[in-house]
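These notes are about the structure you will find just below.
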Amino acid sequence: MKNYLSRAREWLLQEKYQGRTNSQYFNDLERIKKGEPLDYIIGFKKFLDCHIDLSQKPFIPREETEYWTEKAIEIIKKENTKNNLKILDIFAGSGCIGISILKHIPQSKVVFADKYTRSIKQIKLNIKLNKISPSRYRVIQSDVFDNIKGKFDYIFANPPYISKEKAYRVKESVLQWEPQNALWGDKDGLFYIKKLLQQASNYLKVQGKIFLEFDDYQKKAIEKIIKQLNYSFYVFHKDQFKRWRWMEVVK
Ligand SMILES: C[S@@+](CC[C@H](N)C(=O)[O-])C[C@H]1O[C@@H](n2cnc3c(N)ncnc32)[C@H](O)[C@@H]1O
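To convert a position in the sequence shown, counted from 1, into our numbering, add 7.
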């Protein structure tokens, strides 16, 4: 803990205050001591070269998500020379995934969707901060697919997938400070993953693809769900820590 505090202090000083202390800095030190995540105190996170503001306290973008999003962007670039790619970032949160897609795939257009007003506000702010042209995006408040129309080339999803039964594995600071709506996927963690997989094919073009994040131990159960649905292909991938973390599913 002591180690964490001194590292956090140094990081804060450099990232937010460019090495110069002031009274706000000392207020922030108190926030660190109370356990608030450093990313909220600094106020933003870098995600694939994009500036992701966290002022609305969305789910903090994770490095595992950044890892697979980068891989997925590489896959899309290899698969496509098409001029106009329609992509859905569902469960968008801060908007980190969709914004990095817009930055790194010039021919893409992204629909951002999230159920909660705070996320919608955060996504719009991040779109503005990253200077995305209005012709390239839409932001839709939607409970999963309820308000989504049309068909997409790709769907990116990092749904709430923590199992209530495994709550003991979740860090105290996550439980206390991050939005609860972003975390829980019911008893087994699969509620939204299942819902997404059951409905997504209605929103995919022929040969359209889903990129989905999940937790290591859920791989087997997800495979069982997929096998009952009508997808033509799927493949699981590991993250940078060698844990099963994301998958591609083709309509
Ligand atoms: C794990 S976070 C992912 C956020 C972001 N995409 C990322 O990767 O950092 C899940 C997000 O799903 C949203 N969410 C929760 N329930 C939802 C629902 N029923 N429909 C749509 N979005 C929902 C939460 O508000 C949260 O922003």
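Here a beta-carbon is modelled for each residue, glycine too, at the ideal position from N, C-alpha and C.
- Membership of A228 in the alpha helix (DSSP H) is indicated by the continuous run 226 to 234.
- Counting C-beta atoms within 10 angstroms of its own C-beta, P166 has 16 or more neighbours from the protein chains shown and is therefore classed as buried.
- Counting along the chain, V117 sits inside the beta strand (DSSP E) bounded by residues 115 to 121.
- For W251, the enclosing beta strand (DSSP E) begins and ends at 251 to 257.
- Looking at the DSSP output, A164 shares a beta bridge with I97, L219.
- One thing to note: K202 has its Cβ no nearer than 7 Å to the Cβ of I232.
- Between the alpha carbons of H58 and F98 lies a gap of roughly 19 Å.
- Y74 carries a helical assignment under DSSP once its states are collapsed to helix, strand and coil.
- The DSSP-derived three-state label of L20 is helix.
- For P44, the shortest C-beta to heavy atom distance toward ligand 1 is 6 Å or greater.
- With a cutoff of 6 Å, A207 does not count as near ligand 1, since its C-beta is closer than that to no heavy atom of the ligand.
- Under the 10 Å beta carbon count, L182 is surrounded by fewer than 16 other beta carbons and is classified as exposed.
- Residue side-chain check: A99 places its Cβ nearer than 6 Å to a non-hydrogen atom of ligand 1.
- For C57, the CB stays at least 6 Å from every heavy atom of ligand 1.
- Following the DSSP letters along the chain, one finds Q63 in no alpha helix (DSSP H), marked with neither H nor E.
- Between the alpha carbons of A207 and V118 lies a gap of roughly 14 Å.
- R145: member of the beta strand (DSSP E) spanning 144 to 148, first to last residue.
- Using a Cβ distance threshold of 7 Å, I49 and A15 do not count as a contacting pair.
- Non-local beta-carbon contacts of F248 in its own chain, meaning distances under 8 Å to residues more than five positions away in sequence, involve E71 in chain order.
- With contact defined as three or more Cβ pairs closer than 8 Å, the region 85 to 96 and the region 153 to 171 are in contact.
- Selection Y224, N237, I106 evaluated against F243 yields Y224 as nearest (Cα-Cα).
- With contacts defined as CB atoms closer than 7 Å, L61 and Y74 fail to qualify as a contacting pair.
- Here L109 carries a helix assignment [DSSP, helix/strand/coil].
- Boundaries of the alpha helix (DSSP H) harbouring V181: 179 to 184, taken from the DSSP string.
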